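**Student:** Numbering (this note's numbering), first residue to last: 7 to 538.
In this text, a Cβ means the ideal position worked out from N, Cα and C, and glycines have one as well.
All of these numbers come straight from a predicted model, not from anything done at the bench.
Before I ask anything, let me first share the structure, which is written out below as C-alpha cells.
This is how it looks when you write it as C-alpha cells:
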C-alpha cells in the first residue's frame, strides 16, 4: 500500500517539483514504517507519479531555482567500477579510486536535492551486493556485523532548507512540522540496507557485533554548501589537527542549531538547489574489534626482558616475553598488532617460576577469531616448543572485562621470591636465623635509582610478610620472601644507598647484595586454571 495520503499530497508535490526523491518525500511526510522504503527506486517513482497525477495542474509554486538538472548516472556495471577498483590494504580498508556513482541500469534520474543520491542508487540491491563482495574479499571471520555509514555534512544543511520550506507551506494550512517529525536519513538508509546485507551475507545485523563494515560517502560541493555557516557561526568551526575539513557533521549541526531561520534563508536557497553531482564512495572499511587472549607464563632466562628493552632509542636485546608469545598469536589470529599486559613485571635478569605470571594480550583487528579449545591448546604447545626461554600455560580466550580481574587489588596481592644473597662479612647460620622470626615488616622505599627515569619520585610503604633463610656458606645464603605486590626486592636487600629502610644489610649490620632473584609465585587467581 502506498504510504502517502491526501493530507500529504500538497507537501509531496511541493518537494517532488523542486527535485526531491520519493524516499526523502516519505521522510518529510513522517512515514516511519519500513516497507515503503524497501521498494525499488523505479517502483517508488512510478507510484509517486501516479499519486501526484491529479495534483500536477493544481499547484503553482514560485521557485527561484532552475528545474532540477538531470544527471546521467553511469550504468550499473560502469558506476560500480569505482568500487571494483578499490585498492585494498592489510587493514581491510578500501579507498575509492574512480567515481562511485551508482544508478539503476539504463536509467537517467534527477539527483535528489536533499540526500544527494544516498536514498537513490546507494541503497539499491546492486550497490549493497558490491559492498558485500568487498566484505567477503576482506578475509575477516564474522557471525554478525554492525553497519555504519558516514554522510557528507551538507546533507544536514540541505535537509534544514527543505524543512524550512515545508514548514512554511504547512503553516499556511495551520499545520506544523518539527525537526523531530522528519525521519532521519540514516534511519531510513538502514531500514533499506540492513535486510539486503543479511540476505547477501547470510548473517544478522547486530549493534553489539565486534565486526564493523563502514561506508564513507563524500560530495564535491560540501564546502560550497557549508561555507556560509562558517561566516555566520565562526566559533562552531574550529580547525582540528586530525580533521581534514572544518565542516564536520557535528560542527554543521551545531551551527544549524544556532543560526536564526531568517538568516539561514537569506544565505541558502529554500528549497535547496539541484546538485551538480551525485555523492561518491570515499571508502569502504572492514574492521574487527580486538580479541583478548590470557594465560600464565614462566620465564627461565636471565637475559630476557618482559617487553622490548629500548634505551635512548636503541634496542638492547633481540626479543622479549611479550614478543615470544604474541608473535605466534599474531600469525594465527591474522591480527595487525598486539598490546601485552601482565600482573606486575620482572627485571630482565629475574626468572619467573612456579605457576607463572598472569598475562593478557590484546590482538588488534584480527581477521580470524573462531577457535576450538583444542586449537588453542595446540597453539599453546607451539609457543612452548618454539623457545626454551619461556613456557605458557592456561592459554584461553577472554573478554575485555575479564582482564580487570588481573589488575584488581594488585597492590594487595602477595608474591613469593627466592633470592641468592652475598654479604661482605663472613656469616654463620645463627647470624641469619633471626630473619625467620620477622613477620609483616614495614619498609619505606623511595623510588629506586634504577627506575627513577620512568617512575615518579615517591616514598612507598610495603610489607614483607615473612622470610625464610637457607645458609649456604660464609658469604652466601638463600632468602625466601613473601611480600606485598609492588615491593622492590633488590633494593630491600642492598638498601639502594639508604633509599629503602630497613633493608637486609641494615638488619644484619653488613653490606649485602643480591646475586640472583626468582619469582616463585604470583598470587593472582586469574585466569582460570585449565586441565592439561
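1. Going by DSSP in three states, residue 520 sits in which element: helix, strand or coil?
2. Quick one: grab the DSSP three-state call for residue 511.
3. Roughly how many whole angstroms lie between the Cα atoms of residue 2 and residue 438?
4. Report the option in 26, 27, 37 whose CA atom is closest to the CA atom of residue 13.
5. Counting only runs that start and end within the region 181-233, where is the beta strand (DSSP E) found for 3 or more residues in a row?
6. For residue 487, which beta-bridge partners are listed by DSSP?
7. Kindly indicate which three-state DSSP category residue 303 falls into: helix, strand or coil?
8. Check whether the region 420-430 and the region 302-320 are in contact - that is, three or more C-beta pairs closer than 8 Å.
9. Determine the DSSP secondary structure at residue 327, reduced to helix, strand or coil.
10. Name the two residues that bound the continuous beta strand (DSSP E) containing residue 348.
11. By Cβ distance below 6 Å, which residues in the same chain neighbour residue 355 in space, the five residues on each side in sequence not counted?
12. Which of helix, strand or coil does DSSP assign to residue 461?
13. Out of 55, 8, 151, which one is the CA nearest neighbour of residue 43?
14. Taking contact to mean 3 or more Cβ pairs, one atom from each stretch, closer than 8 Å, check whether the region 287-296 and the region 182-191 are in contact.
15. Assuming residue 5 contacts residue 506 under a Cβ cut-off of 8 Å, what Cβ separation, rounded to an integer in Å, is found between them?
16. Should residue 386 and residue 398 be called a contact, given that it needs their Cβ atoms to be closer than 8 Å?
17. Out of 171, 365, 347, point me to the one whose CA is closest to residue 275's CA.
18. According to DSSP, is residue 536 part of a helix, a strand, or is it coil?
19. Considering only their Cβ atoms, is the gap separating residue 147 from residue 373 smaller than 8 Å?
20. So which of 25, 16, 45 has the shortest CA-CA distance to residue 57?
21. State the DSSP-derived secondary structure class of residue 352, mapped to helix, strand or coil.
22. Is the beta carbon of residue 277 sitting closer than 8 Å to the one on residue 122?
23. Which residue marks the beginning of the beta strand (DSSP E) containing residue 361, and which one marks its end?
24. Please give the ranges of any alpha helix (DSSP H) in the region 379-457, keeping only runs that are unbroken, at least 4 residues long and fully inside the region.
25. Which residue wins for smallest C-alpha separation from residue 408, given the options 45, 125, 536, 365?
26. Within 10 Å of its beta-carbon, does residue 241 have 16 or more other beta-carbons around it, so buried, or fewer, so exposed?
27. Okay, do the region 486-496 and the region 452-472 touch, 3+ Cβ pairs below 8 Å being the bar?
28. Please confirm whether residue 367 and residue 335 have their CB atoms less than 8 Å apart.
29. Compute the beta-carbon to beta-carbon distance between residue 521 and residue 473, rounded to the nearest angstrom, for a pair I have assumed lies under 8 Å.
30. Within 10 angstroms of its Cβ, does residue 430 collect 16 or more other Cβ (buried), or is it exposed?
31. Return the CA-CA distance between residue 49 and residue 130, expressed in angstroms with no decimal places.
32. Give the DSSP-derived three-state secondary structure of residue 40 in the structure shown.
33. Determine the direct distance from the alpha carbon of residue 254 to that of residue 226, and round the result to whole angstroms.
34. Report the option in 21, 259, 444, 230 whose CA atom is closest to the CA atom of residue 475.
35. Around the C-beta of residue 166, are 16 or more other C-beta atoms found within 10 angstroms, so that it is buried, or is it exposed?
36. Contact defined as beta carbons within less than 8 Å: I believe residue 231 pairs with residue 163. What is the distance between those atoms, to the nearest angstrom?
**Tutor:** The answer reads as follows:
1. Indexing the chain shown from 1 puts residue 520 at position 514. Residue 520: strand per DSSP, three-state reduction.
2. Your numbering for residue 511 matches position 505 in the chain shown. Residue state, collapsed to three classes: helix.
3. Residue 2 falls outside the range modelled here, since the chain spans only 7 to 538, and no answer is possible.
4. Locating residue 13 in the chain shown gives position 7, where the first residue counts as 1. Comparing Cα-Cα distances from residue 13 to each of 26, 27, 37, the minimum goes to 37.
5. Those beta strand (DSSP E) runs which fall completely within the region 181-233 and span 3+ residues are 217-224.
6. In the chain shown, counting from the first residue as 1, residue 487 sits at position 481. DSSP output for residue 487 lists 423, 473 as bridge partner(s).
7. Residue numbering aside, residue 303 sits at position 297 when the chain shown is read from its first letter. The answer is strand: DSSP assigns residue 303 an E or B state.
8. No, the region 420-430 does not touch the region 302-320.
9. Here the question's residue 327 lines up with position 321 in the chain shown. Taken through DSSP and simplified to helix, strand or coil, residue 327 comes out as helix.
10. Here residue 348 refers to the residue found at position 342 when the chain shown is read from its first residue. Where residue 348 is concerned, the enclosing beta strand (DSSP E) stretches over 343-348.
11. On the chain shown, position 349 is the one that residue 355 refers to. These residues qualify, in order along the chain: 308.
12. Your numbering for residue 461 matches position 455 in the chain shown. DSSP, reduced to helix, strand and coil, places residue 461 outside both helices and strands of the structure shown, so it counts as coil.
13. Within the chain shown, numbered from 1, the residue matching residue 43 stands at position 37. Residue 43 has its Cα closest to that of 8, out of 55, 8, 151.
14. Output reads no: the region 182-191 does not touch the region 287-296.
15. No statement about residue 5 is possible, as the shown extent of the chain runs from 7 to 538 and does not include it.
16. Within the chain shown, the letter at position 380 stands for residue 386. Within the chain shown, the letter at position 392 stands for residue 398. Result yes, Cβ atoms of residue 386 and residue 398 sit closer than 8 Å.
17. The sequence position of residue 275 within the chain shown is 269, counting from 1. Answer by Cα proximity: 171.
18. What you label residue 536 is simply residue 530 of the chain shown in a count that begins at 1. Assignment of residue 536 by DSSP, reduced to helix, strand and coil, places it in the coil class.
19. Along the chain shown, read from residue 1 onward, the residue named residue 373 stands at position 367. Along the chain shown, read from residue 1 onward, the residue named residue 147 stands at position 141. For the 8 Å CB-CB criterion, residue 373 and residue 147 form a contact.
20. Taking the chain shown and counting its residues from 1, the one referred to as residue 57 is at position 51. Residue 57 has its Cα closest to that of 16, out of 25, 16, 45.
21. Position 346 of the chain shown, counting from 1, holds the residue named residue 352. Coil, per DSSP.
22. For the purposes of this step, residue 277 is taken as residue 271 along the chain shown, with counting starting at 1. For the purposes of this step, residue 122 is taken as residue 116 along the chain shown, with counting starting at 1. No, these two residues do not count as a Cβ contact at 8 Å.
23. Start at 1 with the first residue of the chain shown, and residue 361 comes out as number 355. If you look at residue 361, you'll find it in the beta strand (DSSP E) that goes 357-370.
24. You should have 379-392, 410-413.
25. Start at 1 with the first residue of the chain shown, and residue 408 comes out as number 402. A check of alpha carbon separations from residue 408 across 45, 125, 536, 365 identifies 365 as the nearest.
26. Numbered from 1 along the chain shown, position 235 holds the residue referred to as residue 241. It is exposed - the Cβ of residue 241 has fewer than 16 other Cβ atoms within 10 Å.
27. Below 8 Å, enough C-beta pairs join the region 486-496 and the region 452-472 to call them touching: three or more.
28. If you number the chain shown from 1, residue 367 lands on position 361. If you number the chain shown from 1, residue 335 lands on position 329. Less than 8 Å separates the beta-carbon of residue 367 from that of residue 335.
29. If you number the chain shown from 1, residue 521 lands on position 515. If you number the chain shown from 1, residue 473 lands on position 467. With a Cβ gap of about 17 Å, residue 521 and residue 473 do not count as contacting.
30. By 1-based counting over the chain shown, the position of residue 430 is 424. Residue 430 comes out exposed.
31. Translated into the one-based positions of the chain shown, residue 49 becomes position 43. Translated into the one-based positions of the chain shown, residue 130 becomes position 124. Rounded to the nearest angstrom, the gap between the Cα atoms of residue 49 and residue 130 is 12 Å.
32. Looking up residue 40 in the chain shown gives position 34. DSSP places residue 40 in the coil class of the three-state scheme, outside both helix and strand.
33. In the chain shown, counting from the first residue as 1, residue 226 sits at position 220. In the chain shown, counting from the first residue as 1, residue 254 sits at position 248. If I take the Cα positions, the gap works out to 14 Å.
34. In the chain shown, the residue the question calls residue 475 occupies position 469. By alpha-carbon distance to residue 475, the top candidate from 21, 259, 444, 230 is 444.
35. Residue mapping note: residue 166 aligns to position 160 of the chain shown, counting from 1. With 16 or more other Cβ atoms within 10 Å, it is buried.
36. Here residue 231 corresponds to residue number 225 of the chain shown, with the count starting at 1. Here residue 163 corresponds to residue number 157 of the chain shown, with the count starting at 1. 5 Å between Cβ atoms; contact.
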